[in-house]
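Peer 1: Below is the structure I would like to discuss, written out as structure tokens.
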Amino acid sequence: MIFDADRDGFAAAGPIDADIAIIGAGAAGITLALALRDCGLRIILIDSGGVASDRTAQGLCAGSVADPDCHPPIERYRRRCFGGSTAIWGGRLVPFDPIDMAPRPWLGLPGWPLTWGELAEYYPAAVGLCEGGTFAFDARVARPGGMTPMFAGFTDADVSTDRIERFSRPTDFGRTYRRQLAAAATVTVILHATATQIDLTTNACAVRQITAISRAGVSFVIAARAFILAAGGIEVPRLMLASNGVCAGGVGNSKDQVGRCYMTHLAGTAGFFSPAPNRKPFHGYDRAPGGIYLRRRLSIQPTAQARVGSGNAIARLHHPPPADPVHGSGVLSALTLGRRLIMPEYGARLSGKGDARIGGHLTNIARAPVSTAAFLVALLAGRTLARRKTPSLILTAPNHQFTLDLHAEQQPNDLSRIRLTHTRDPSGLLGAHIDWRVTDADRRTVSQTIRLMGRALSAGGHGSLVYATESIADEIIGQGAYGGHHLGTARMSSDPAHGVVDKDCRVHGLENLFVAGGAVFATSSQANPTLTIVALTLRLADHLKKNLSSGPTALAAGGYALHQSPVPAHAHR
């Protein structure tokens with residue numbers, strides 16, 4: 150069932166009772182509700198947005214950033230709606246590598262309390278939910294006959310081109326799974342309901358209830374046996390820090406860890422790659438059964454990471470910067486001139502050096518008007534009309550140059566954190582303030598990764614990578630945080646002094662509060678986070694089913710009893 154907090158009058162019926170209350174209906178919240186719907190537990194799933202995003206809901210993403218030149222606006226890559234940011238994601242599916250979760254003494258990282266093997270068993274189901282086909286991320290087996298080589302005859306001890314990324318269509322979790330949740334007898338979805346306070350028991354050992362408010366300003370409470378915060382890496386610490394009625398520092402924050410170790414990814418353009426004469430690298434997409442897009446990437450082997458003291462990172466070959474007409478491409482010039490028609494976060498990538506040379510762009514288009522128009526029509530069809538969208542623009546520019554697009558792990562850092570502002574949004578919550586920091590280890594990861602990749606390409610006779618050797622790390626970091634990945638702010642740890650949740654995503658010191666999503670990541674990996682968020686959430690669902698099936702006291706010793714109050718009988722779907 151799906152209700153609206155504004156329309157359906159929850160306050161008049163008293164507290165709403167459930168076995169499990171989930172705060173946030175993005176990829177994590179919807180995955181959890183789907184996984185639990187058939188186990189006999191009563192589930193409440195709330196979200197502050199509606200079926201679609203709107204300006205009023207987006208206004209609740211209140212907050213600020215310490216350095217706007219290094220981090221995008223706090224609201225840009227988020228969506229307050231049923232489905233959350235899956236309404237706008239690109240669909241890239243990549244699992245963590247085993248090294249991402251293992252101890253890495255050269256980086257001072259103890260490893261996750263959860264092993265890669267314990268997580269990996271949930272990846273196949275996660276790929277299925279994301280509509281990405283099978284759990285096959287090796288180019289040699291990802292499709293029958295293997296994938297097209299990126300470079301003919303490529304072999305190197307430090308660098309591989311066999312690790313791949315798969316692509317969702319991309320799946321909007323709200324649109325795709327709305328009917329299933331609406332039809333589930335055990336699931337109640339409440340939209341336009343913003344959680345504003347986590348209320349603890351007097352002994353601060355458990356959550357008693359969560360207070361929420363409708364857009365009309367009507368408050369109501371939800372009581373449950375277990376509560377899961379699944380609102381994302383910014384909203385989770387924001388709500389925990391603001392809930393300071395019993396514990397002055399906020400919920401789960403006795404060791405001052407909530408909001409710390411905020412990570413994104415380090416991403417940007419790293420130099421120019423020129424193929425050797427008569428060498429034609431393949432940087433496009435292959436298709437797996439079902440039409441699923443697959444793409445190879447350059448990655449650094451774990452042994453090389455340990456030897457050079459770096460974190461994990463990958464890179465892709467990409468077309469040259471569109472804004473400089475020297476590329477000679479009519480397509481890139483047309484996109485540059487039309488960038489104001491594109492979403493801001495994508496249009497910004499089309500700006501840069503050469504942007505003012507409109508004449509050069511017009512000349513490129515005039516030289517190949519038919520092929521430019523045909524390509525743009527095909528791109529429009531593949532991006533807008535196709536059920537499974539073409540993930541990105543793939544072309545080889547007339548000047549035969551490529552860029553190397555880097556996507557690198559960022560190290561956890563106590564000084565990189567989310568705090569509260571002194572300004573409240575319309576729901577009454579204090580806003581979030583992001584202070585994003587980088588470390589020397591981050592710079593080493595960037596510089597060593599590019600150095601190893603450049604050496605491998607040159608040594609194999611594939612071409613030359615030209616980049617600013619001494620300043621490349623600062624150049625990449627200067628391009629700013631990868632704005633859509635908000636990770637680590639309630640990180641997983643064995644020791645409460647170094648994190649917020651345990652290996653089962655339960656908040657240290659609280660019997661019945663859990664966190665689902667990228668906030669629990671102990672490291673950021675080289676991978677885009679959605680696939681791992683879904684896999685971790687499926688694992689959490691199994692834990693909850695096992696530990697809640699035996700009754701109210703199963704979560705921890707000394708359980709507590711909650712009253713029974715139904716969802717308002719007068720509410721309508």
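The numbering of the sequence shown is my numbering, which starts it at 150 and goes up by one.
Even glycine gets a Cβ: it sits at the ideal position worked out from N, Cα and C.
(1) Could you give the C-beta distance for Leu263 and Lys652, rounded to a whole number, given that I count them as a contact under 8 Å?
(2) Between which two residues does the beta strand (DSSP E) carrying Thr264 extend?
(3) Pick helix, strand or coil for Arg229, following the three-state DSSP scheme.
(4) Could you tell me which residues DSSP pairs with Met412 in its beta bridges?
(5) List the whole-angstrom C-beta distance separating Ala665 from Ala170, where the pair is believed to meet the contact cut-off of C-beta under 8 Å.
(6) Mind checking which residues open and close the beta strand (DSSP E) that includes Tyr723?
(7) How long is the line joining the alpha carbons of Ala668 and Pro426, rounded to whole angstroms?
(8) With DSSP as the reference, identify every bridge partner of Gly507, one or two as the case may be.
(9) Decide yes or no for the touch test of the segment 394-407 against the segment 248-263: beta carbon pairs closer than 8 Å, at least 3 of them.
(10) What residue from Leu486, Gln454 and Pro561 has the CA that sits closest to Gly508's CA?
(11) When DSSP labels each residue in this structure, what does Ile223 get in the three-state scheme?
(12) Based on the DSSP secondary-structure assignment, which residues constitute the bridge partners of Gln346?
(13) I believe Thr413 touches Ala630 by the beta-carbon criterion, under 8 Å. Please report the beta-carbon distance rounded to the nearest angstrom.
(14) If the criterion is Cβ atoms closer than 7 Å, does the pair Gly233 and Gly175 meet it?
(15) Starting from Gly580, trace the beta strand (DSSP E) both ways and give me its first and last residue.
(16) In or out: Asn548 buried (at least 16 other Cβ within 10 Å) or exposed?
(17) With distance defined between alpha-carbon atoms, name the residue in Asn661, His432 and Asp574 nearest to Thr343.
(18) Given this structure, state the Cα-to-Cα distance separating Gly382 from Asn513, to the nearest angstrom.
(19) Just verifying my parser: in three-state terms, what is the DSSP assignment at Ala201?
(20) On the DSSP letters alone, give me the boundaries of the alpha helix (DSSP H) that Thr180 sits inside.
(21) Enumerated in chain order, which unbroken segments of the alpha helix (DSSP H) with a length of 4 residues or greater are wholly contained in the segment 372-418?
(22) Taking the straight line between their C-alpha atoms, what separation do you get for Leu340 and Ser620?
(23) Who does Gly302 pair with in a DSSP beta bridge?
(24) Where Leu490 and Leu242 are concerned, what is the direct C-alpha to C-alpha distance, given to the nearest angstrom?
(25) By the 10 Å Cβ neighbour count, where 16 or more other Cβ atoms means buried, how is Gln329 classified, buried or exposed?
(26) Over the uninterrupted beta strand (DSSP E) stretch that includes His571, give me the two end residues.
(27) Within a Cβ cutoff of 7 Å, which residues of the same chain sit near Leu659, ignoring the five residues on either side of it in sequence?
(28) Buried or exposed for Asn352, please, with buried defined as at least 16 other CB atoms from any protein chain shown within 10 angstroms of its CB.
(29) Does Val336 come out as helix, strand or coil in the three-state DSSP assignment?
(30) Less than 7 Å between C-beta atoms, sequence neighbours within five positions excluded: which residues of the same chain meet that for Tyr326?
(31) Going by DSSP in three states, Asp166 sits in which element: helix, strand or coil?
(32) Report buried or exposed for Pro319, applying the criterion of at least 16 other Cβ atoms within 10 angstroms of its Cβ.
(33) Assess contact between the segment 467-485 and the segment 558-569, defined as three or more Cβ pairs (one per stretch) separated by less than 8 Å. Is contact present?
(34) Comparing alpha-carbon positions, which option in Gly277, Leu278, Asp246 and Phe286 lies nearest Leu268?
(35) For Gly627, tell me which candidate among Arg374, Ala646, Val587 and Arg640 has the shortest Cα-Cα distance.
(36) Given that a residue counts as buried once 16 or more other Cβ atoms are within 10 Å of its Cβ, and exposed if not, what is Glu270?
Peer 2: On the basis of the coordinates in this document:
(1) With a contact defined as Cβ atoms closer than 8 Å, Leu263 and Lys652 qualify at about 5 Å.
(2) Premise fails: Thr264 is in no beta strand (DSSP E) and is neither H nor E.
(3) Arg229: coil per DSSP, three-state reduction.
(4) Answer is Leu636.
(5) Rounded, the Cβ-Cβ distance is 12 Å, inconsistent with contact.
(6) This structure cannot settle anything about residue 723, because the visible part of the chain is limited to 150 through 722.
(7) Pairing Ala668 with Pro426, the inter-Cα distance amounts to about 47 Å.
(8) Rather than Gly, the amino acid found at residue 507 in this sequence is Ile. Residue pairing by DSSP places Ile507 in no beta bridge whatsoever.
(9) With contact defined as three or more Cβ pairs closer than 8 Å, the segment 394-407 and the segment 248-263 are not in contact.
(10) The closest CA to that of Gly508, considering only Leu486, Gln454 and Pro561, is found on Leu486.
(11) Residue state, collapsed to three classes: coil.
(12) Note: Gln346 is bridge-paired with Thr360 in the DSSP secondary-structure output.
(13) Indeed they touch by this definition, with Cβ atoms about 4 Å apart.
(14) Yes.
(15) Secondary structure note for Gly580: its beta strand (DSSP E) is the uninterrupted segment Leu579 to Asp584.
(16) For Asn548, the number of other beta carbons within 10 angstroms of its own is below 16, and it is reported as exposed.
(17) Nearest C-alpha to Thr343 among Asn661, His432 and Asp574: Asp574.
(18) If you take the alpha carbons of Gly382 and Asn513, they lie about 43 Å apart.
(19) Ala201 falls in the coil class under three-state DSSP.
(20) Counting along the chain, Thr180 sits inside the alpha helix (DSSP H) bounded by residues Ala176 to Leu185.
(21) Uninterrupted alpha helix (DSSP H) stretches at least 4 residues long and entirely within the segment 372-418 occur at 384-391, given in chain order.
(22) Straight-line measurement puts the Cα of Ser620 at about 48 Å from the Cα of Leu340.
(23) Beta-bridge partners of Gly302 (DSSP): none assigned.
(24) Interpretation of Leu490 is limited by its pLDDT of 48, a score under 50 that renders its predicted location unreliable; the figure taken from the coordinates is listed afterwards. Cα-Cα distance, rounded: 27 Å.
(25) Exposed is the call here.
(26) DSSP places His571 in the uninterrupted beta strand (DSSP E) bounded by Arg566 to Arg573.
(27) Scanning its chain for C-beta atoms nearer than 7 Å, with the 5 sequence neighbours on each side dropped, one finds around Leu659 the residues Cys354, Ala355, Val356 and Gly401, in chain order.
(28) It is exposed - the Cβ of Asn352 has fewer than 16 other Cβ atoms within 10 Å.
(29) Reduced to three states, the DSSP call for Val336 is strand.
(30) Cβ neighbours of Tyr326 beyond the five flanking positions: Ile179 and Leu183.
(31) Per DSSP, reduced to three states, the secondary structure at Asp166 is strand.
(32) By the neighbour-count rule (16 or more Cβ atoms within 10 Å), Pro319 is buried.
(33) The segment 467-485, when compared against the segment 558-569, does not touch it at the 8 Å Cβ threshold.
(34) Minimum Cα distance to Leu268 is reached at Asp246.
(35) Nearest C-alpha to Gly627: Val587.
(36) By the neighbour-count rule (16 or more Cβ atoms within 10 Å), Glu270 is not buried but exposed.
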